[in-house]
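The sequence shown maps to residues 1 to 311 in full-length UniProt numbering. For each residue, glycine too, the CB sits at the ideal point set by N, CA and C.
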Amino acid sequence: MVGLKPSEVPPTTAVKFLGAGTAACFADLLTFPLDTAKVRLQIQGENQGPRAARSLQYRGVLGTILTMVRTEGPRSPYNGLVAGLQRQMSFASIRIGLYDSVKQFYTPKGSEHSSITIRILAGCTTGAMAVTCAQPTDVVKVRFQASMHLGPGSDRKYRGTMDAYKTIAKEEGIRGLWKGTLPNITRNAIVNCAEMVTYDIIKEKLLDYHLMTDNFPCHFVSAFGAGFCATVVASPVDVVKTRYMNSPQGCYRSPVDCMLKMVAQEGPTAFYKGFVPSFLRLGAWNVMMFVTYEQLKRALMKVQILRESSF
């Protein structure tokens, strides 16, 4: 057995909620540069900003990260990390931590297993709930990741994370903090379904057919499959979301307008810009998050059982 043994007592909703947020933050810390590279590749071709910024060409994941480090400094791949961690604590806690509870709520009484339809519905529900709560953190994170600091003449617009929230609210209104909510709900409903449902089904089948036991290798294989499926189905919506959230006022009338302009100006392949870093990031993120999440649930349940037994 690799790692902690499964608890005899099923993890509580509170344990899942806290474990999911913590595991997601840990995964974000390790994979954030890949996410930043993905954002830069997705917005490449918009031809916005100063001439120096427009002249930069990003090529591939490693090339993008190296170009950022060379032109903007070694900390640039972690632009927006604080907002990213705030996002995960409010976002992943809901969409992942509450998934099992919502799935059980939708499952008819007496059923031993939840159907794929029920699992998809649960994934859509928790994904939409999470976006509604965490959208401002996502807007700020994308703005920081997309911003370029190429010297004294291109100072960043925001002095820090809290200043970004205040500035966006002041200049664009409260609605500015929820900019791109519709494409983000669409994206995260798709991503959440792809991740949670795929992970759920792969893990269940591996255990049912006795191909693996409930330990690290099983969690790794399930998470890798979930990351790949999520990247394939969510990449087009993710590109539109990033472009729309990062755009200045008046650039796009709506997410649909953004999508149509992308097709007209750059062709349908624009929807898969940044696919490789998206897959590397989502694949690595899913593996780290789910493996950590499974171990955290078991550790937190052991702590809870020990506390209860001491009284």
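Proximity winner among L62, Y199, K16, K103, relative to P217 (alpha-carbon distances)
Position 217 of the sequence shown, counted from the first residue, corresponds to residue 217. Answer by Cα proximity: Y199.
Just to confirm before moving on: does the CB-CB distance between G283 and F228 stay below 8 Å?
The count along the sequence shown starts at 1 and reaches residue 283 at position 283. The count along the sequence shown starts at 1 and reaches residue 228 at position 228. Closer than 8 Å, so yes.
Could you check whether the segment 122–138 touches the segment 175–190, counting it as contact only if at least three pairs of C-beta atoms, one from each stretch, sit closer than 8 Å?
Here the segment 122–138 lies against the segment 175–190, with 3 or more beta-carbon pairs under 8 Å apart.
On a CA-only basis, which of C133, A194, T67, V69 is nearest I116? Give me that one, please.
Your numbering for residue 116 matches position 116 in the sequence shown. Nearest option by C-alpha distance: A194.
According to DSSP, simplified to helix, strand and coil, what is G153?
Your numbering for residue 153 matches position 153 in the sequence shown. Bear in mind that the predicted position of G153 carries a pLDDT of just 48, short of 50, making it unreliable; the figure below should be weighed with that in mind. Helix at G153.
Contact check, V239 vs F271 under 8 Å by CB: the rounded distance?
Indexing the sequence shown from 1 puts residue 239 at position 239. Indexing the sequence shown from 1 puts residue 271 at position 271. The Cβ separation is near 5 Å, so the contact holds.
Inter-residue spacing [alpha-carbon to alpha-carbon] between A52 and M148
The sequence position of residue 52 within the sequence shown is 52, counting from 1. The sequence position of residue 148 within the sequence shown is 148, counting from 1. For A52, the pLDDT reaches just 47, beneath the cut-off of 50, and the residue's location in the model is therefore unreliable, although a value from the coordinates is still provided. When rounded, the distance between both Cα atoms is 10 Å.
For the UniProt repeat "Solcar" (114–205), which segments carrying the alpha helix (DSSP H) assignment without a break, of at least 4 residues, lie completely within its bounds, in sequence order?
Listed in chain order, the complete alpha helix (DSSP H) runs (minimum 4 residues) inside the UniProt repeat "Solcar" (114–205) are 116–146, 161–172, 174–177, 181–192.
Taking the C-alpha atoms as reference points, what is the distance between K241 and S310?
The residue given as residue 241 occupies position 241 in the sequence shown. The residue given as residue 310 occupies position 310 in the sequence shown. Straight-line Cα distance between these residues: approximately 50 Å.
Minimum length 4: unbroken alpha helix (DSSP H) runs contained in the segment 239–290:
255–266
I need the boundaries of the alpha helix (DSSP H) containing P33, first residue and last residue.
As a working note, residue 33 is residue 33 in the sequence shown. First-last of the alpha helix (DSSP H) with P33: 13–43.
Quick test of your reading: Q88 and G21, contact by CB under 8 Å. State the CB separation rounded to the nearest angstrom.
As a working mapping, residue 88 is identified with position 88 in the sequence shown. As a working mapping, residue 21 is identified with position 21 in the sequence shown. About 6 Å separates the beta carbon of Q88 from that of G21, a gap short enough to meet the 8 Å contact definition.
When burial is assigned at 16 or more other CB atoms within 10 Å of the CB, is Y209 buried or exposed?
Working through the sequence shown from its first residue, we reach residue 209 at position 209. Burial call: exposed.
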